[in-house]
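Q: If you scroll down you'll find the structure; I have some questions about it.
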Amino acid sequence: MRYFIGNWKMFGVPKSIGILNKINNFVQKDKKRQKYKVIVAPPFTLLDSFSKYSNNKPVSISSQNCYLKDGYSSNTGAISAFMIKALKTKYVIVGHSDNRKEGDSNLILKNKVIHALKNNLKVIFCIGENNKQKSANQTFSVLKKQLYESLSSKFNANNIIVAYEPIWSIGTGKIPQDNELIKTINYVKKILYSIFKTRKTIPVLYGGSVDSRSIKLFKDINEIDGFLIGGASKSSKNFIDIIKNYYR
Ligand code: 13P
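This is how it looks when you write it as structure tokens:
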């Protein structure tokens, strides 16, 4: 099973449901649809309408974040996993580098994962090193720390997906070299095994400058279980072309 996840970030208004509709129509008719799962992550403002639309359709909906407290609270502007689940949204992205940059620590992210899982949301947990860390050969130690400090063997591994997104690759057009990427993905899988000790492997996705052209470079890398796509997911054509080119 492969994942194609579109992270819209700060993009989309109510009429953007037309993009979701086109993606869904493609998946519904695609003969290869059993091989993959498509998830779209719109901003909070569209979660309700998109989740309603996606009921009984192949494309699922993800939130882009959730708050560090659950239930209801007096935090202005905050949205909890409980509130997201109430919309019948199925997934939540936790730990995106955008949010880490704005202050989400590994401990805060651990709380978010706990609340998300408690509410039966599936978690797309993002990790990744920045340029400086990569240059200093710290990639593995950074990823290890991000995983160890936020995930725990007590968590339900069946509801966790990990997305490796090197920060230097996000929105830059720069992508890791094949051999480097394979080594990193295998390392992440090794760490996940050491945390969860489960034979059921947690999917590990790649994210960073994936588009309809670069996808061709990734399709032979069997270790990658799917893709988290930013910029190219905001156009139905670009997003669909990524799936088409992956299986071509
Ligand atoms: P781009 O695909 O625009 O590089 O973004 C990747 C990303 O951050 C997805 O979460």
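Under our numbering, the first residue of the sequence shown carries the number -9, and numbering increases by one thereafter. Note that CB positions come from ideal geometry on N, CA and C, so glycine has one too. Note that the coordinates shown come from a computational prediction; the quantities given were computed from them, not determined experimentally.
1) Tell me the DSSP secondary structure of residue 6 in three-state form.
2) Could you have a look at residue 152 and say whether DSSP puts it in helix, strand or coil?
3) Taking residue 0 as the reference, which of 116, 70, 198 and 36 has the closest Cα?
4) Please determine, among 175, 74, 68 and 93, the residue with the shortest C-alpha to C-alpha distance to residue 39.
5) Grouping DSSP H, G and I as helix and E and B as strand, with all else coil, what is residue 147?
6) How many angstroms separate the CA atom of residue 138 from the CA atom of residue 185?
7) Hey, out of 216, 105, 171 and 159, whose CA is closest to residue 72's CA?
8) Just to confirm the assignment, what range does the alpha helix (DSSP H) spanning residue 78 have?
9) Measuring CB to CB, does residue 157 end up less than 8 Å from residue 87?
10) Apart from the five residues just before and just after residue 163, which ones in its own chain have a Cβ nearer than 7 Å to its Cβ?
11) Curious, which full-length alpha helix (DSSP H) runs of at least 4 residues does the stretch 86 to 148 contain?
12) I believe residue 196 touches residue 214 by the beta-carbon criterion, under 8 Å. Please report the beta-carbon distance rounded to the nearest angstrom.
13) When you compare the stretch 46 to 60 with the stretch 96 to 111, are there three or more beta-carbon pairs, one atom per stretch, that lie closer than 8 Å?
14) So is the beta-carbon of residue 222 under 7 Å away from any non-hydrogen atom of the ligand 13P?
15) Would you check whether the ligand 13P has a heavy atom nearer than 7 Å to the C-beta of residue 2?
A: Taking the definition as stated:
1) helix
2) strand
3) 36
4) 74
5) helix
6) 7 Å
7) 105
8) It is not in any alpha helix (DSSP H) - residue 78 carries neither H nor E in the DSSP assignment.
9) yes
10) 199
11) 87 to 91, 96 to 108, 121 to 125 and 129 to 140
12) 5 Å
13) yes
14) yes
15) no
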